[in-house]
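In what follows, a structure is listed as C-alpha cells, so that the remarks can point back to it.
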Amino acid sequence: MILLIDIGNTNTVIGVMKHHVLDKSWRIETVKHKTEDEYLVLIRGLFDLEGLDPSQIQDSIVSSVVPELNKPYRTMLRKLCGSEPLFLGPGVKSGMPILLDNPKEVGADRIANGVAAYDKYKSACLVIDFGTATTFDVVSGKGQYLGGAICPGPRMSVEALGRMTSKLHVVEIEKPVNVIGKNTTDSIKSGIFYGYLSKIEGLIRRISEELGEEPKVIATGGLAEMFALSTDLIQAVDKDLTLKGLKIIYDRNRK
C-alpha cells in the first residue's frame with residue numbers, strides 16, 4: 039500500500055494506492071499550524087473510517103506547494119511508514135523532460151498532472167487544474183513538459199471582489215440560469231462563472247493555436263466537473279489525476 043499526498047494551498051488530497059489501483063482518496067482543508075503528531079492522528083483517523091490498516095503502508099510520496107508544511111509532513115510520514123517519504127522536487131526523476139527557463143520553479147503538482155496525462159493518452163495534452171490558482175499545463179506529443187499559464191482561481195476571484203469593493207459581496211460559485219443577471223447576486227454569479235468559462239475557452243484556443251495541434255484537454259481539481267460540463271473544449275475530467283501522476287513518479291524512482 040502506497041500513500042499519496044498532494045498538499046495544495048487550500049486543500050490537501052490524500053490517496054491510497056493498492057496494486058496499482060487508487061483504492062481510497064480524501065480531500066481535506068490545508069491547515070498550516072498543525073504539528074506532525076496532529077497530522078498523524080488525522081491520517082490514522084481517515085484510515086479507521088474506511089477500515090484500513092495504517093501498518094500496511096509500505097511507502098509514501100508527496101507533492102507540495104506549501105513549503106512550510108514539508109517538515110511536519112516529512113516527520114509524520116517517517117513515523118507512520120517507517121521509511122523516508124519521497125518528496126517530488128529537484129533530483130526526483132519524473133521521466134518527463136521539462137523545457138522551461140528554470141525547471142526547478144515549476145510546481146510539483148503540475149509535473150504530476152503532466153506525467154499522468156501523457157501516460158494515459160500518449161499524445162499532446164493540456165491539463166487544467168482548478169485549484170486556488172487555476173493552472174494550464176502543456177505536454178507535447180513527444181512527452182515534453184512545455185510550460186503553460188497560471189491565473190487566479192474562481193474562488194480567489196470571488197473573494198477578491200468581495201474584499202476590494204464596498205457594495206459587492208461573496209457568492210457561491212455555481213452556474214446561473216441566465217447570463218444577464220437581474221440582481222447584484224446573480225450578476226456576480228454570472229460574471230464569475232461565464233467570465234471564467236470564457237477565460238478557459240479562450241486560453242484553450244490560444245494554447246492549441248500556439249502548440250500547432252489540438253491537445254487532449256483534461257480537467258482536474260475541485261471545480262473541474264462544473265466547468266467541464268459547460269464546454270465542449272474539455273474532453274475529460276479526472277479528479278485523481280495528480281495522485282495518479284505521483285504514483286507513476288514513485289514507481290520511476292523506487293524501482
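Residue 293 is where the sequence shown ends in the working numbering, and the numbering goes up by one at each step.
Think of the CB as a built atom: it goes at the ideal place given N, C-alpha and C, for glycine as much as any other residue.
Query	Result
Inter-stretch contact (C-beta, 8 Å, three-pair minimum) for the region 226 to 234 and the region 195 to 212	yes
Reference Tyr232, options Ile81, Pro192, Leu199, closest by Cα	Pro192
When Tyr183, Tyr111, Lys109, Leu279 are compared against Pro141, the one with the closest alpha-carbon	Tyr183
Residue interval of the beta strand (DSSP E) (run including Glu247)	That residue, Glu247, is in no beta strand (DSSP E); its alpha helix (DSSP H) goes 222 to 249.
Cut-off 8 Å between Cβ atoms - residues of its own chain near Lys70, not counting five sequence neighbours on either side	Val104, Glu106, Leu107
Contact set for Arg65: own chain, Cβ-Cβ below 6 Å, skip 5 residues either direction	Asn49, Val51
Whole beta strand (DSSP E) elements within the region 94 to 176, 3-residue minimum	97 to 102, 163 to 168
Beta-carbon contacts of Ala257 that lie in its chain and below 6 Å, excluding the five residues immediately before and after	Ile166, Ala266, Ile272, Val275
Glu252 versus Met114 - alpha carbon distance	43 Å
DSSP bridge partner residues for Thr50 (one or two, in chain order)	Ile45, Ile66
Terminal residues of the alpha helix (DSSP H) in which Thr280 lies	279 to 292
Own chain partners of Lys98 with C-beta closer than 6 Å, once the 5 adjacent residues on each side are dropped	One point to set straight first is that residue 98 is Ser, not Lys, in the sequence displayed. Leu41, Leu115, Cys119, Pro123, listed in sequence order.
Strand pairing of Leu294, partner residues [DSSP]	Because the chain here runs from 39 to 293, residue 294 falls outside it and cannot be looked at.
Candidates Phe85, Ser102, Ser101, Val100: closest to Gln94 by CA position	Phe85
Pair within 8 Å by beta-carbon distance, Gly179 and Ala162	yes
Contact under 8 Å by Cβ, Leu279 with Ser101	no
Close Cβ partners of Val144 (< 7 Å) along its chain, the five nearest in sequence each way excluded	Ile136, Leu138
Limits of the alpha helix (DSSP H) - the one that Pro192 falls within	192 to 202
Inter-residue spacing [alpha-carbon to alpha-carbon] between Ile45 and Phe168	14 Å
Between the CA atoms of Gly240 and Met39 - distance to the nearest angstrom	41 Å
Length of the line joining the Cα atoms of Gly133 and Lys220	52 Å
Run of the beta strand (DSSP E) containing Thr258, from where it starts to where it stops	254 to 259
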